[in-house]
Structure formats: structure tokens, C-alpha cells
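Notes follow once the structure below has been shown.
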Amino acid sequence: MNRAERWAAAAVALMLVAGAVIFLYAPTDALQGPVQRIFYLHVSAAIAAYGCFAVVLLGGIVYLRNESLVADRCARAGALVGVVLTTVTLVMGMLWAKPIWGTFWTWDARLTSTLVLWIIYAGYLLVRRLAEPGRQAARIGAVVGIFGFVDVPVVHFSVTWWRTQHPGPIIVNDALPAQMLATFLLTVACTLILAAVMVWMRYRIETLMDEKQHIAEPVKVVTAREPEPVP
Amino acid sequence: MNPFRVALAVARKDLRSEWRTREMVPALAQFVVLALLIGNFGFQIDSRNALTIAPGILWMALVFAGLVAFGRTFAAEREQASLDAMLMTPASPVAIFAGKALAASVLLVACEAVLLPALTLFFGTPLSGEVVAAVLLATVGMAALGVMFAAIVARVRARELLLPLLTLPLWIPFIVAGGQAVQSAMGLPGSYQEAIGLLIDFDILFVVLTSLAARFVLDE
């Protein structure tokens, strides 16, 4: 087991611990019943997704400043993991909304803007695949990532900007019982660790893919020189 | 080199080439009339529900006409490879970008000049200064974002596919605020002042952001 595999195993184990705490330790909600337990992972995944998109933003800014490949790979990894986590957020939210609101989807401000967020970063991944790999894709990606991030505050403050039926920020308002708060904070921490490990894994994959493309290129261009022996 | 004069020169060049070929504006005008036709058959429109449906048709037609217009913004540059020549001059990329955006928004305004009267003619909705102001304010930000993404996808494969995917999500704030403004201007509930305020905020935000990004998008 190498270092990456150990970290991955630890992240999965932590998520299982969080799952056990959600189902065994946290009290059942008086009004919503067991459905309320979706809240822990739903909000944690949303927070982790914001974190990932912050990585895309920072990676984009750093790349535009000094063309660092490391920053660009971080951005690529963050976008992919962020899209996965946003998908988790949307699906879990819909599962919660069906019994509580009576419908999977409503055109509420926060739901709409989270969907827009998902579309923007899914578009980011598409543009990365279609653009010429290398400098062009990295630049385009950086600009799209920075513009996409402008949408994150719109998502977050949309609850107050437009009328909405999405539950407000209950953690800030101190409306959560202590046991629920502890469960929530643990789930957030575990999800953030999982997201960080996934970004790191993806970073390694992106590095390998970059190296592969880097090796493949000179074979076509440098024909006059002796080909280097491939180990 | 005065950036304002460069921007005006680029815009003038684009508009002159449009004036000589007369390709885009007639096509766009026909496109929006077709959109109204489709709206008429897609919904059961009569004098009672026209007011609630017309704003939606207006934005649908405008957004897709915008995508067609901005998709063609860099067509001439791509076909003649003249963008590199423009970038080799001492003119700043931001000024070139502003000129392209200016010309594209003038074309979109020309298409709105057909769309809004046609909407009034066919659906009997009021054509007031408030409606025009909301549509024009939305055009500013939409043009800035649309031209930026047009520049981005100009060098990418499958650009017709990517432009709507990248542009539409970022246009949504303008459609939310603009939609609300047009609805309240047509007599539906909602605050017109608030929506116009939001539109102006979004315009400022995205015009500043796109001018900052223009250097990285064009300079290649």
C-alpha cells in the first residue's frame, strides 16, 4: 500500500465513521423524521464543492500570473471533484425535497443557481477536453474558472437576494441542537478530507496525463535528432 | 495609441463590413420573427394570457439571437486570420475587445429594434420606455460576456457546441433581472426599480471582469 492508497483508505474510513455518527448518534428530527439526516451530507458536499471551486479559481489566477503547470493541474482536479460533489449535493437535496416539499425540484433561487454552478463547471470540463491541450486549454480554463466562481457568491447569497423557500443558514443562527451540530461539523470535516484526497488523486492522474502528452509530442516534431531510448 | 479611438475604429470596421454585406441583421431579424411564430404555436396565446407569456418569448428569442450574433463575432477574423494581425499592432487587446463588443451589441440592438415592435404587434403587449431600458441594459452585459466567450471558443474545436454551454449559464443573472424588469414593466407583479438596479450592478461587474480578462483571452 503506497502513501496515496493509505490516504484514500483513511478518507473512506472517515466517511464510514461520519455515516455511523449520522445514523446512530444524531437525534431524529422531531418534524422531518429520519429524512432530515440527509442534511449532514448535503450541506457538507456543498461546502466541499465550494472549496473545490475555490481551488479552480486560485489555480486559474496563479496560472494566468506565472503559467505554473502545477496550478493548472490543481484547477483541473478541483473542477472535476467539485462537479462530482455538486452532483451529490443536488441529488441528495432532491431526495430530501420529495418528502418534505412534495416535489423533487422547484425553481427556487438557490436550487436554480446551484444547477447553474453545476452547468458552468461541467462546461469547464468540456472546454478543457475540446481545447488544444497545453497552453491554450489552460488559459481558457483559467478564464472560465474565474468567471464561474463569480457565480458562487450569487449562489450563496441568493437566499437573501431573491425570495426563496430553501432553508436558511441555520448553523449561523444557532438553531441546531448540540448533538446535531457535532454530527454536522464531523461530517463537514470528513467530507473536506475526502474532497482533498480526491483532488490530490486527480492531480496525480493529471500529472501522468501531462507527462504522457509531453513525451508523445517531441517524437513527432524532433525527427532530426536520435530518438531517446524509452525505458 | 488612444484605446477609445482603437475601440471605435474596430467597431466601425465591423459595422462597415456588416453594412456592405448586410448578412447578420436581416438574418437575425428573420430569426426573431420566427421565434415569435414558434412561441405562438408552442403556447395557446390569446389576449388574456399574452402578458404572462410574451416576456418569456422575448427573452428566449433575444438569448438565442444573441448566441447566433456572438458566434459570428470572430468569424471574419478566423476566416482571414486577421486577429493575429490586429494583435501585432500596438493597439491594446482590451481596446480591440471593446470594439468587437461594441459592434456586436449594435447588431443585437438592431435585432431588438425588430423584436420589440414585433412583440407588440403580434401579442399586443405594451411597448414602453421601461421595457426598452431593461432590454438595453441587459444587452450591455450580455454583449461583454458573449464576445469574451466568442473569443475563447474561436480557437477551439466544436465552437458552435461550446459557445451556448459557456455563455448561457453566465447570462442567467441578466435573464433573471431583465425578465423581472420586463414583467413588471408590462404590469405583472414585481419591483421594476430593484430589477433595474440589479441589472446595472451585473453590467458593471461583468464589464469590469471581461475587460480584465480580455488580455488573457485575446493575447495568444
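Taken in sequence, the protein lines are chains A and B.
Quick note: the first sequence uses our numbering, first residue 807, plus one each step.
Quick note: the second sequence uses our numbering, first residue 6, plus one each step.
For glycine and all other residues, C-beta sits at the position ideal for the given N, C-alpha and C.
Environment of A:Asp878 [buried if 16+ CB atoms lie within 10 Å]: buried
is_contact[B:Val25, chain A] using C-beta, thresh 7 Å: According to the sequence shown, residue 25 of chain B is Arg rather than Val. It does not: the Cβ of B:Arg25 has no partner Cβ on chain A nearer than 7 Å.
A:Gly940 - DSSP class collapsed to helix/strand/coil: coil
Nearest neighbour of A:Leu923, chosen from B:Val99, B:Ala40, B:Leu173 and B:Gly183 [CA to CA]: B:Leu173
Touching by the beta-carbon criterion (3+ pairs, under 8 Å), the segment 205–215 of chain B and the segment 139–159 of chain B: Flag = yes, the segment 205–215 of chain B and the segment 139–159 of chain B touch.
Helix, strand or coil at B:Gly192 according to DSSP, with G and I counted as helix: B:Gly192: coil per DSSP, three-state reduction.
Where A:Ala937 meets chain B, residues with beta-carbon distance less than 7 Å: Val161
Touch test, the segment 870–889 of chain A against the segment 830–846 of chain A, Cβ-Cβ under 8 Å, three pairs minimum: By the criterion of at least three beta-carbon pairs nearer than 8 Å, the segment 870–889 of chain A is not in contact with the segment 830–846 of chain A.
Proximity to B:Leu63 [Cα-Cα], best of B:Leu121, B:Glu84, B:Thr144 and B:Pro95: Proximity to B:Leu63 across B:Leu121, B:Glu84, B:Thr144 and B:Pro95 peaks at B:Leu121, based on C-alpha coordinates.
Touch test, the segment 45–62 of chain B against the segment 162–179 of chain B, Cβ-Cβ under 8 Å, three pairs minimum: No: fewer than three Cβ pairs fall under 8 Å.
is_contact[A:Ser964, chain B] using C-beta, thresh 7 Å: Residue confidence is low: A:Ser964 scores 49 on pLDDT, short of 50, so the model does not pin down where it sits. Its coordinate-derived value is still stated next. Taking Cβ atoms only, chain B never reaches closer than 7 Å to A:Ser964, which makes this a no.
Chain A within 7 Å of B:Ile205, Cβ atoms only: no
Rounded separation between A:Val827 and A:Met900 - CA only: 23 Å
Neighbour-count burial assignment, A:Tyr869, 16 or more Cβ in a 10 Å radius: It is buried - the Cβ of A:Tyr869 has at least 16 other Cβ atoms within 10 Å.
Sequence-distant residues of the same chain with beta carbon closer than 6 Å to B:Val136, five excluded per side: Val187 and Ala190
For B:Arg160, the nearest candidate out of B:Thr125, B:Glu199, B:Pro8 and B:Ala81 (CA to CA): Closest option to B:Arg160, judged by alpha-carbon separation, among B:Thr125, B:Glu199, B:Pro8 and B:Ala81: B:Ala81.
Interface residues of chain B facing A:Leu932 [CB-CB closer than 7 Å]: Leu167 and Leu170
Per-residue burial, A:Ser919 [other beta carbons within 10 Å of its own, 16 or more giving buried]: buried
Residue-level contact to chain A via CB, B:Phe221, 7 Å cutoff: yes
Min CB distance A:Ile925 to chain B below 7 Å: yes
Against chain B: residues of the segment 861–872 of chain A by CB proximity under 7 Å: Residues Leu870.
A:Thr989 versus A:Val849, A:Gly839 and A:Val950, residue with shortest Cα-Cα distance: Measuring from the Cα of A:Thr989, the nearest candidate turns out to be A:Val849.
Test item: CB-CB of B:Met91 and B:Ile101 under 7 Å: yes
Buried or exposed (CB count within 10 angstroms, at least 16 for buried), B:Pro60: buried
Entirely enclosed alpha helix (DSSP H) segments - the segment 99–186 of chain B, minimum 4 residues: Complete alpha helix (DSSP H) runs here, min 4: 134–158.
Test item: CB-CB of A:Ile844 and A:Trp913 under 7 Å: For A:Ile844 and A:Trp913, no; Cβs fall outside 7 Å.
B:Gln85 versus A:Gly908: straight-line alpha-carbon distance, rounded: 57 Å
Inter-residue CB distance, B:Ser110 and B:Val145 (contact presumed, cutoff 8 Å): 7 Å
For A:Ala943 and A:Ala1001, the rounded distance between their alpha carbons: 24 Å
Helix, strand or coil at A:Asp835 according to DSSP, with G and I counted as helix: strand
Close Cβ partners of A:Met821 (< 6 Å) along its chain, the five nearest in sequence each way excluded: Taken in chain order, the residues that qualify are Cys996 and Leu1000.
Euclidean distance between Cα positions of B:Asn244 and B:Ile180: This structure cannot settle anything about residue 244 of chain B, because the visible part of chain B is limited to 6 through 225.
B:Lys105, buried or exposed, once every other Cβ within 10 Å from all chains shown has been counted against 16: Answer is buried; the Cβ neighbour count reaches 16.
Close Cβ partners of B:Gly134 (< 6 Å) along its chain, the five nearest in sequence each way excluded: none
Closer than 7 Å to chain A by CB, B:Ala218: yes
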